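Numbering (my numbering), first residue to last: 114 to 532.
For glycine and all other residues, C-beta sits at the position ideal for the given N, C-alpha and C.
Keep in mind the model is a prediction, meaning the values are calculated, not measured.
Structure first, then comments.
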Amino acid sequence: MDIQGRKLIKIATAGSVDDGKSTLIGRLLYDTHSLTTDKIEAIERSSKQRGYDYLDFSLATDGLVAEREQGITIDVAHIYFNTDKTNFIVADTPGHVEYTRNMVTGASTSQVAIILIDARKGVIEQTYRHFFIANLLRMSHVVVSINKMDLVDYSEDVFLKIKSDFDALVEKSHFAEEQITFIPLSALKGENVTRKSEHMPWYVGNTLLDHLEVLEPEDLQESTAARFPVQLVIRPKTEAYHDFRGFSGKLYGNSLQVGDRVAVLPSGNESTIKSIHFFDQELESVAPGASVVLTLSDEVDCSRGDMIVKVGEEPSSEKSISATLCQVNSKNLRVGQKYILQHGVNRVLAKVEQIKAKIHADFSGTEETEQLKLNDIGKVQLRLSKPVHFDSYHRNKSNGAFILIDEGTFDTVSVGFIE
């Protein structure tokens with residue numbers, strides 16, 4: 114929930130060339146009245162110039178000149194729209210193999226994945242990759258939108274065949290908690306997007322928008338141990354707050370409340386939560402996802418980069434970690450190379466001890482390799498200069514993710530997920 118009490122749902126989209134992903138997002142924007150008048154006029158004008166007898170809603174999202182000219186999505190765009198009950202943020206990510214890094218980074222903060230499939234083509238190699246990345250990022254809810262049903266005469270048999278093929282793909286997944294929903298639609302004609310299609314009476318489920326609206330943010334969040342990385346120590350040093358010492362940050366995993374017994378890492382010193390502050394409010398408890406200020410009953414050593422956790426729910430603390438990496442830089446990653454590993458706000462030196470395997474993103478297995486190239490995904494072993502306090506990514510996404518940074522250029526080299 115946001116501070117006004119409205120739901121907030123974060124969505125990542127993925128689709129191959131000409132699957133109609135940009136058209137689908139444009140249709141959602143248009144039907145929810147999220148496009149400005151001048152944007153609608155520009156779409157109408159461009160559609161007429163191209164000789165279309167319909168509105169080309171893909172023009173609402175393809176912001177780069179290269180995207181408009183080629184009709185493909187290259188960069189990640191964040192798009193916002195809302196209904197009476199829900200705010201939506203859409204990470205419109207490219208689906209091509211050469212933009213794997215864009216999809217991984219763009220979808221990393223999303224809760225729901227929408228995977229588009231062209232009804233004429235069915236499940237293809239790119240579909241495997243899109244679903245693999247949704248699995249890699251532990252996205253608990255996937256909506257398989259089978260688009261362009263108008264071009265296959267709204268055939269239920271076509272829909273069922275694609276659903277069966279995708280179900281076979283789901284069986285290869287090791288992420289049992291994933292929920293899959295199939296929706297047949299026509300983005301161009303707006304059928305089953307925000308209104309029910311009269312041409313597909315055999316489909317009795319919700320429209321895409323209705324389905325997204327019934328999702329609850331708390332059902333999409335991981336339920337795990339509370340993690341509160343300290344971003345800043347608050348010391349006002351004013352007359353009114355002369356002795357105030359609070360710790361600001363964002364809570365992940367689970368709730369905290371006044372009276373909870375907590376430990377401060379890395380020192381391990383224990384205390385009790387004395388108060389929880391949100392702007393000018395004082396709260397009794399705080400839910401995950403909220404940014405607040407905590408005060409503790411005892412004068413314990415706590416500074417930026419430390420982590421506050423419940424006693425008995427401490428994370429792992431190691432100098433050696435196994436992780437899955439996605440290479441996002443053109444400089445190849447090799448054994449023996451040294452990087453800066455950033456985990457939350459903490460930075461430590463890291464050395465690549467071993468590249469265990471390159472992972473094929475089509476669920477076909479792994480292969481041995483001596484290096485990871487741009488867009489490759491692989492399993493590695495890293496040795497750190499000092500311990501980090503982490504959870505495995507499948508237990509706590511926020512505390513199980515990191516990036517590797519080039520020591521010389523400070524460019525991001527890889528994004529990592531701790532095993």
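By DSSP's criteria, residue i is part of a beta bridge. Which residues make up the other side?
i       : result
Arg-447 : Gln-484
Glu-190 : It is Ala, not Glu, that sits at residue 190 in the sequence shown. The partner list for Ala-190 (beta bridge, DSSP) reads Asp-205.
Ile-231 : Contrary to the premise, residue 231 reads as Asp rather than Ile in this sequence. According to DSSP, Asp-231 bridges with Asn-260.
Thr-126 : Asp-205, Ile-227
Asn-195 : Asn-200
Ala-289 : The partner list for Ala-289 (beta bridge, DSSP) is empty, contrary to what the question assumes.
Ser-159 : Answer is none; Ser-159 lacks a bridge partner.
His-324 : Answer is none; His-324 lacks a bridge partner.
Tyr-452 : Ala-463
Ile-246 : In the DSSP output, where bridge partners are listed per residue, Ile-246 has none listed.
Ser-433 : Arg-496
Tyr-165 : The partner list for Tyr-165 (beta bridge, DSSP) is empty, contrary to what the question assumes.
Ser-135 : None; Ser-135 has no bridge partner.
Thr-337 : BP columns for Thr-337 are empty, so no partner.
Gln-342 : Note that residue 342 is Pro in the sequence shown here, rather than Gln. Answer is Met-420.
Ile-386 : Leu-409
Glu-520 : Answer is none; Glu-520 lacks a bridge partner.
Ala-514 : Phe-530
Take residue i as the anchor and find which of the options has the nearest alpha-carbon.
i       : options                            : result
Ser-410 : Lys-123, Ser-268, Ala-190, Val-371 : Val-371
His-287 : Leu-250, Ser-268, Thr-320          : Leu-250
Phe-279 : Ser-443, Ile-237, Arg-119          : Ile-237
Leu-462 : Thr-149, Pro-500, Val-441, Arg-119 : Pro-500
Pro-401 : Glu-520, Pro-342, Leu-438          : Pro-342
Ile-434 : Lys-302, Ile-293, Phe-530          : Phe-530
Glu-331 : Thr-294, Ser-498, Ile-296, Gln-224 : Gln-224
Asp-419 : Lys-309, Gly-366, Glu-395, Ser-361 : Ser-361
Val-130 : Ile-153, Asp-151, His-243, Val-271 : His-243
Ser-221 : Met-252, Asp-197, Lys-198          : Met-252
Arg-340 : Val-283, Lys-387, Ile-296, Glu-427 : Glu-427
Gln-292 : Phe-272, Val-493, His-254          : His-254
Ile-516 : Met-313, Thr-218, Asp-197          : Thr-218
Arg-233 : Phe-523, Glu-311, Pro-297          : Pro-297
Tyr-193 : Ile-389, Glu-284, Asp-356, His-146 : His-146
Lys-510 : Thr-240, Asp-373, Ala-436          : Ala-436
Asp-373 : Lys-363, Gly-381, Ile-389          : Ile-389
Ala-289 : Thr-522, Glu-520, His-507          : His-507
Lys-134 : Glu-154, Tyr-165, Asp-205, Lys-152 : Asp-205
Glu-466 : Gly-478, Ser-498, Thr-479, Glu-480 : Ser-498
Phe-391 : Val-377, Lys-363, Gly-381          : Lys-363
Would you check if the distance between the CB atom of residue i and the CB atom of residue j is smaller than 8 Å?
i       : j       : result
Gly-449 : Lys-471 : no
Asp-144 : Asp-231 : no
Asp-504 : Ser-429 : yes
Ser-527 : Leu-407 : no
Asn-367 : Ser-336 : yes
Val-306 : Arg-140 : yes
Leu-168 : Glu-157 : yes
Leu-121 : Asn-200 : yes
Thr-136 : Val-203 : no
Arg-119 : Lys-198 : yes
Glu-397 : Val-424 : no
Gly-128 : Leu-282 : no
Asn-442 : Thr-213 : no
Ile-453 : Arg-460 : yes
Lys-464 : Glu-520 : no
Phe-476 : Lys-285 : yes
Mind reading off the beta-carbon distance from residue i to residue j? Whole number of angstroms is fine, and I expect it under 8 Å.
i       : j       : result
Ile-227 : Ile-124 : 6 Å
Val-458 : Ala-338 : The Cβ separation is near 19 Å, so there is no contact.
Leu-485 : Gln-440 : 5 Å
Ile-444 : Arg-496 : One point to set straight first is that residue 444 is Lys, not Ile, in the sequence displayed. Not quite, the Cβ-Cβ distance comes to about 20 Å (not below 8 Å), so this is no contact.
Arg-358 : Val-346 : 7 Å
Asn-512 : Tyr-316 : Contact doesn't hold; Cβ gap of about 40 Å is too wide.
Leu-321 : Ser-258 : 6 Å
Ile-468 : Val-493 : 5 Å
His-191 : Pro-379 : His-191 to Pro-379, Cβ: 35 Å. No contact.
Lys-274 : Phe-295 : So it is not a contact: roughly 12 Å between Cβ atoms.
Val-399 : Leu-369 : 6 Å
Ala-300 : Asn-248 : With a Cβ gap of about 25 Å, Ala-300 and Asn-248 do not count as contacting.
Glu-326 : Thr-482 : 44 Å between Cβ atoms; not a contact.
Touch check for the stretch 155-170 and the stretch 260-267: three-plus C-beta pairs under 8 Å? no
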